[in-house]
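Accompanying notes for the structure given below.
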Amino acid sequence: MTTQYHGKALSADALDQIFREARSYNGWLDKPVSDEQLHAIWDVLKMGPTSANMLPARIVWVKSAEAKAKLVDAVSDGNKDKVKTAPVTAIIGMDIYFHEELPWLFPHTDAKSWFDGDEKGRKEGAFRNSSLQGAYLIIAARALGLDCGPMSGFDAGAVKAAFFADEPKVEVNFICSIGYGDPESIFDRSPRPEFGKFNTIV
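Residue numbers (the UniProt record's numbering): 1 to 202.
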């Protein structure tokens, strides 16, 4: 029997943990993140919606000293320490041939045929939906008691060569360090506008 959660709002504490009090960290406490925690993040984030359940994200979880060194070489100077000190940094890649998995991921219809021969459409879909999955990763990690530090300052070609060399159909979207954030590494929160600034109800 499936439990229904329609109409049940999360507690104020839960919303604080995931959004209102959560921050993007630039430094990390010396506290490890286990493989079991990474599996738990995946088991939550994979449930988030994507178009036709395409699930285009391909994630490499960088933990070892050797892998960290490769990633540090590919990120901007301002991000090197963020990667060095993080227990884990997730590389969120996107498979532009995601449609090859649709026969089992979306078996209700021949969704694969929607994308055959349409590389431009696949790239747009992969980028949009892997970005969603990256956001789900952040939400899942925070919900499970971890902190995040998403980054876009890196050489995508170098990251691809270092971590997806055997997967030429995978491109790199963004990276996100995960761990227990050091409160000393953050500054005052940047402004967040009221509804009327960037929203319209029509």
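For each residue, glycine too, the CB sits at the ideal point set by N, CA and C. Nothing here was measured: the structure is a model prediction, and the numbers come from that model.
7 Å Cβ cutoff met for residue i and residue j
i      : j      : result
Ile91  : Phe163 : yes
Trp28  : Ala86  : yes
Met94  : Glu194 : no
Phe113 : Gly149 : The question names Phe, yet the displayed sequence has Ser at residue 113. In this structure, Gly149 does not lie closer than 7 Å to Ser113 by Cβ.
Gly153 : Ser76  : yes
Lys31  : Tyr180 : yes
Close-in-space but distant-in-sequence residues of the same chain around residue i (CB under 7 Å, 5 per side omitted)
i      : result
Ile186 : Arg23, Tyr25, Asn26
Glu101 : none
Phe127 : Met94, Asn173
Ala141 : Ile41, Cys148, Ile178
Ile139 : Ile18
Distance between beta carbons of residue j and residue i, contact taken as under 8 Å
i      : j      : result
Val88  : Val33  : 5 Å
Gln37  : Leu144 : 7 Å
Val159 : Leu71  : 7 Å
Helix, strand or coil at residue i [DSSP, three-state]
i      : result
Asn199 : coil
Ser24  : strand
Ser34  : coil
Thr3   : coil
Thr89  : strand
Asp147 : strand
Arg128 : helix
Asn58  : Note on residue identity: the sequence assigns Arg, not Asn, to residue 58. The answer is strand: DSSP assigns Arg58 an E or B state.
Ser185 : helix
Pro193 : coil
Ser64  : coil
Pro107 : coil
Ala9   : coil
Ala165 : coil
Lys80  : helix
According to DSSP, residues forming a beta bridge with residue i
i      : result
Val75  : Phe154
Asp95  : Val170
Gly121 : According to DSSP, which records beta bridges pairwise, Gly121 is partnered with nothing at all.
Ser177 : Thr89, Gly149
8 Å CB neighbourhood of residue i in its chain, flanking five on each side removed
i     : result
Leu55 : Lys46, Phe98, Glu101, Leu105, Asn129, Gln133
6 Å CB neighbourhood of residue i in its chain, flanking five on each side removed
i      : result
Lys123 : Ile96
Val60  : Ile91, Phe163
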